[in-house]
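Read left to right, the sequence shown gives residues 1 to 201 (the working numbering). By construction, the Cβ of each residue, glycine as well, lies at the ideal position given by its N, Cα and C atoms. Note that the structure is predicted; figures quoted are calculated from it, not measured.
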Amino acid sequence: MECAIDSGAGTSENALRLDYQITPYSWGTCGLYYDQPQDWSDSMGLAFMVHAGQSGGTLHVDLFVESAESSESYLYELNLEPGMEDEWVQVGIVWDHFQRVDWEEDAGSPFKKEAQISGIAFGFGTEENKNEGVLWLDDLGWMTPREDVGEEITIPAEPESEPDSQEETGGFNLPCIGSLALPIGLVGAAYFQRTITKKGK
Numbered sequence: 001m002e003c004a005i006d007s008g009a010g011t012s013e014n015a016l017r018l019d020y021q022i023t024p025y026s027w028g029t030c031g032l033y034y035d036q037p038q039d040w041s042d043s044m045g046l047a048f049m050v051h052a053g054q055s056g057g058t059l060h061v062d063l064f065v066e067s068a069e070s071s072e073s074y075l076y077e078l079n080l081e082p083g084m085e086d087e088w089v090q091v092g093i094v095w096d097h098f099q100r101v102d103w104e105e106d107a108g109s110p111f112k113k114e115a116q117i118s119g120i121a122f123g124f125g126t127e128e129n130k131n132e133g134v135l136w137l138d139d140l141g142w143m144t145p146r147e148d149v150g151e152e153i154t155i156p157a158e159p160e161s162e163p164d165s166q167e168e169t170g171g172f173n174l175p176c177i178g179s180l181a182l183p184i185g186l187v188g189a190a191y192f193q194r195t196i197t198k199k200g201k
């Protein structure tokens, strides 16, 4: 899996491009990890723009919480709908829609540690079949309620129809405040092999 800044792509003209070729029973990710835990508790969730080179498949969005006592991983699976192939689509994921991965303790429990985030990653996995394609991500930031956005922040115009991804993740109109820039020096690719019986091992 290759991750790189694609100059000229997206509204920022510096979108993150993910080229992936995932072999059966494995996965790959591109991640951003912090030296100190990040407090994102003032927001309702994660927001970003996505554009896929092909329809179908599932994007894994991961959150990590690291401490001296434990390591926790949370996952949200975003289906890549046909509209994402034709244009950039805005996506918002509220925090408690991320769930603890199934090979860790308390599997399936919702994410509740917005003030302790140590990393974020995007990636793909597969079971029996090879998974390959290209995807772009841009404008990574936070999701806040409309009423909490100050007058100085421009709120995007309402689209004629809401993307399915917004409805599934809370139905919010997504003004994004702040920015989680992904500088190329901090974006890494990782590849992990797993067995059929033990996910993530």
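Name the DSSP bridge partner or partners of residue i?
i, result
"Leu46", "Ile93, Trp142"
"Phe122", "Cys30, Val61"
"Trp136", "Arg17, His51"
"Asp6", "Ala15"
"Asn129", "Answer is none; Asn129 lacks a bridge partner."
What are the start and end residues of the beta strand (DSSP E) that includes residue i?
i, result
"Asp62", "58-66"
"Glu72", "71-79"
"Asp102", "Note, Asp102: premise wrong, no beta strand (DSSP E); not H, not E."
Cβ of residue i within 7 Å of any heavy atom in the ligand ADP?
i, result
"Gly133", "You won't find the ligand ADP in this model; it holds no ligand whatsoever."
Is it right to say residue i is buried, meaning 16 or more other beta carbons lie within 10 angstroms of its own, or is it exposed?
i, result
"Ser43", "buried"
"Thr169", "For Thr169, the pLDDT reaches just 36, beneath the cut-off of 50, and the residue's location in the model is therefore unreliable, although a value from the coordinates is still provided. The residue in question, Thr169, is buried, as its Cβ has 16 or more Cβ neighbours within 10 Å."
"Trp95", "buried"
"Asn131", "buried"
"Trp103", "exposed"
"Gly108", "exposed"
"Tyr33", "exposed"
"Glu72", "buried"
"Ala68", "exposed"
"Gly212", "Given a span of 1 to 201 for the chain in the structure shown, any question on residue 212 remains unanswerable."
"Glu13", "exposed"
"Asp148", "With a pLDDT of 47 at Asp148, under the threshold of 50, the modelled position of this residue cannot be trusted, and the question is left open."
"Asp35", "exposed"
"Asp106", "exposed"
"Asp139", "buried"
"Gly8", "exposed"
"Gln90", "buried"
"Gly45", "buried"
What are the boundary residues of the alpha helix (DSSP H) that includes residue i?
i, result
"Gly108", "Premise fails: Gly108 is in no alpha helix (DSSP H) and is neither H nor E."
"Glu202", "Nothing about residue 202 can be read from this structure; the chain reaches only from 1 to 201."
From the beta carbon of residue i, is the nearest beta carbon of chain C less than 8 Å away?
i, result
"Asp39", "Going by chain labels, chain C is absent from the structure shown, which holds only one protein chain."
Contact between the stretch 73-88 and the stretch 50-61 is defined here as three or more beta-carbon pairs at a separation below 8 Å; is this criterion met?
Counting Cβ pairs under 8 Å, three or more are found: they touch.
Would you list, in sequence order, the uninterrupted beta strand (DSSP E) runs of no fewer than 3 residues that lie entirely inside the stretch 9-47?
Correct list: 14-22, 26-38.
Stretch pair the stretch 30-40 + the stretch 113-130: three plus CB contacts closer than 8 Å:
With a cut-off of 8 Å, the stretch 113-130 and the stretch 30-40 count as touching, because enough Cβ pairs lie within range.
Just checking, does the stretch 20-30 make contact with the stretch 121-130 on the three C-beta pairs under 8 Å criterion?
Output reads yes: the stretch 121-130 touches the stretch 20-30.
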